[in-house]
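Residues in the sequence shown are numbered from 19 upward in steps of one, following our numbering. Yeah, the Cβ is synthetic: ideal placement off N, Cα and C, and Gly gets one too. Heads up, the thing below is written out as structure tokens.
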Amino acid sequence: MLAILSAQVISISANEINCTNHTYWTYIPNPPLNMGVTWWDAPIFVYVNESGWLPGPFDDRGPLKPEEEGRIIENYTVGVNGPPICMGKGDHCLKMNYQAWLSIVKNESRYHGLYLLSAYSFKSSNSTLNENVSAPYMPPRRVPLVDRLSDWVHWTRCQGEMARVLVNTSWASVIDWSPFGSARGKKGLKNLYWHKEDNTIYSDTINDTIVWHAGGFSPPGPHLNGYPIQKDLWKLMAALRKINAWVGHMVNKSENHSLIFHKDVTRYTRSCMKLPYILLKGPAVWNETQGIIMCKNCSLYTCINSSISFNISTKSLYILRARTGLWLPVNLGREWQESLPMAVLQYLADALKRRKRFVGMLIAAVMGIIAITASTAGLLMLIIIIITCLIVVQRRVKATRRATSQQAAVFSLMLQKLQNKKGEM
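Structural data, given as structure tokens:
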């Protein structure tokens, strides 16, 4: 008997309540999926723990989950919609080299007080810019003249003479309008040749005044023409090698000039990206046709420093972004906003219009549910829910009867008044 009643309850649920399928778009927040960041995307913030020599933002907390840093993934594939931001190996990737910035302390003599900062950055290509580009609004370049030695590292955005081509892609050229400083002869404007001995670097001696060409303590800003400038990207490169500070002066002997610098301080920095961004390091390859980045034995990082092995001739760095959400189509047998108990209550409320059928189904439903859940630990809770449902239904029945009685009384009163008026006439 109980089995028959149970089958009847199941039949009611399937045939009466869940009679149709409903298709919805379901939002899944923070899914475990990444996608490649492109040159079209918004600027990425890179945080450093070295507040003395590099521009902000600053954060010395390190990776959020250190135990997951550098985890090896044998086969990894992510999608990318456009030209991905890449550094290292690859025709579309930025190449790396050291870049130098010069400051002059004003209170020292003419041929002294030269302070040089060198850090890993982006290398210019020998390609010619074959497209019309618009320069971003930035102040003109100049060599910083500082009053105090403590202020000799003074970062400010400024614009060089022309845009440098960093790399050519199939979409467009990645360019940089920031100045790329170098020591040159004032007349010939030829770069000087440098020599290194231990912790000293010095230039060739030339019969010309030496000037620092394209000066300006401006960070690199690579970007596609017309798209956001990635002004923090170079700090990822700076973290892979040591940062050196040099103190130097100009040597003037019988109108022959040269520059000499001695290494003063060496520092290392750590560069981090915060979620939803992450770094992919390894022999990755971009398949432009399929729009995917494939990599074997790659590692994922949120922070990098000089302790990480990175060979620029065999490996690449790609920037990935975690998807903030994902929409998937889902088929349900009932409306998503209703729980099953609420669906049962709604069905019972609709059945009030057919009282005889409702009473029989209610008894069958109660007995069937009790039979199904008799062996479970939640029987008591289920009975309480059923009793509560019965009370709600009973109240609705009483309310319906009360409303019906009130309507009948009003109708009777109106009929009596009409009859009285007819009698008076």
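Mapping DSSP to helix, strand and coil, what is Pro84? helix
Bridge partners for Trp235 per DSSP, in chain order? The residue asked about is misnamed: residue 235 is Phe in this sequence, not Trp. Bridge partners of Phe235 according to DSSP: none are assigned.
What are the boundary residues of the beta strand (DSSP E) that Ala181 is part of? Taken as a continuous stretch (DSSP letters only), Ala181 belongs to no beta strand (DSSP E), as it is neither H nor E.
Report all residues from its chain with a CB closer than 6 Å to the CB of Pro238; omit the five preceding and five following residues, and keep chain order. Ser139, Phe140, Asp194, Ser196 and Trp252
Label Pro347 either buried or exposed according to how many other C-beta atoms from any shown protein chain fall within 10 Å of its C-beta, with 16 as the threshold for buried. exposed
Using only CA atoms, which one of Pro75, Ile278 and Trp119 lies nearest to Tyr211? Ile278
What residues match up with Lys214 in a beta bridge as DSSP calls it? Ile219
Helix, strand or coil: which one does DSSP assign to Gln308? coil
Could you work out which residue in Val192, Ala257 and Ile311 is closest to Cys321 when comparing CA atoms only? Ala257
So what does DSSP say about Cys176, is it helix, strand or coil? coil
Over the uninterrupted alpha helix (DSSP H) stretch that includes Ala256, give me the two end residues. Trp252 to Ala256
Going by DSSP, what residue range makes up the beta strand (DSSP E) through Asp78? Where Asp78 is concerned, there is no enclosing beta strand (DSSP E), given that its DSSP letter is neither H nor E.
Smallest Cα separation from Val96: which of Ile311, Glu68, Ala340 and Met268? When each option's Cα is compared against that of Val96, the closest is Ile311.
Quick check on DSSP: helix, strand or coil for Met399? Taken through DSSP and simplified to helix, strand or coil, Met399 comes out as helix.
Under a three-way DSSP split, which group does Leu408 fall into? Correct three-state label for Leu408: helix.
Closer than 7 Å: Cys321 CB and nearest the ligand NAP heavy atom: With respect to the ligand NAP, the structure shown offers nothing to examine, as it has no ligands at all.
Should Ser69 go down as buried or exposed, given a rule of 16 or more other Cβ atoms within 10 Å for buried? With fewer than 16 other Cβ atoms within 10 Å, it is exposed.
Distance between Lys83 and Asp77 (C-alpha atoms, nearest Å): The alpha-carbon atoms of Asp77 and Lys83 are separated by roughly 15 Å.
Here's a check: name, in chain order, each residue in its chain whose Cβ is nearer than 6 Å to the Cβ of Gly343, leaving out the five neighbours to either side. Tyr45 and Pro47
Ignore the nearest five residues each way along the sequence and tell me which others in His213's own chain have a CB closer than 6 Å to its CB. In the same chain as His213, and ignoring 5 residues on each side of it, the C-beta atoms closer than 6 Å to its own belong to Tyr220, in chain order.
Looking only at C-alpha atoms, which of Asn67, Leu132, Gly100 and Ile403 sits nearest to Pro59? It is worth fixing the name first, because residue 59 is Asp in this sequence and not Pro. Asp59 has its Cα closest to that of Gly100, out of Asn67, Leu132, Gly100 and Ile403.
So which of Lys416, Thr418, Ile404 and Leu350 has the shortest CA-CA distance to Asn39? Leu350
Would you kindly check if the distance between the Cβ of Ser142 and the Cβ of Phe198 is under 8 Å? yes
Exposed unless 16 or more other CB atoms sit within 10 angstroms - verdict on His231: Taking all protein chains in view, the Cβ of His231 is crowded by 16 or more other Cβ atoms within 10 Å, so the residue is classified as buried.
Is it buried or exposed, Arg420, if we count other Cβ atoms within 10 angstroms and call 16 or more buried? exposed
Thinking C-beta only, is Ile103 closer than 8 Å to Ser317? Between Ser317 and Ile103, the C-beta gap is not smaller than 8 Å, which leaves the two residues out of contact.
Nearest-angstrom Cα distance between Glu86 and Asn315? So the alpha carbons of these two residues sit roughly 15 Å apart.
Three or more C-beta pairs under 8 Å: does that hold for the stretch 256 to 275 against the stretch 151 to 168? no
Could you check whether the stretch 320 to 338 touches the stretch 103 to 113, counting it as contact only if at least three pairs of C-beta atoms, one from each stretch, sit closer than 8 Å? yes
Just verifying my parser: in three-state terms, what is the DSSP assignment at Arg259? coil
Could you give the distance in angstroms between the alpha-carbon of Ser324 and the alpha-carbon of Leu254? So the alpha carbons of these two residues sit roughly 10 Å apart.
For the beta strand (DSSP E) containing Thr187, name the first residue and the last one. Unbroken run through Thr187: none, as it is neither H nor E.
Quick check on Thr41: does DSSP put it in helix, strand or coil? strand
Between which residues of its own chain and Tyr245 is the CB-CB distance below 8 Å, once the five residues before and five after are set aside? Trp57 and Trp58
So, does the CB of Ile46 fall closer than 8 Å to a CB anywhere in chain D? Within the model displayed, chain D is absent; a lone protein chain is all it includes.
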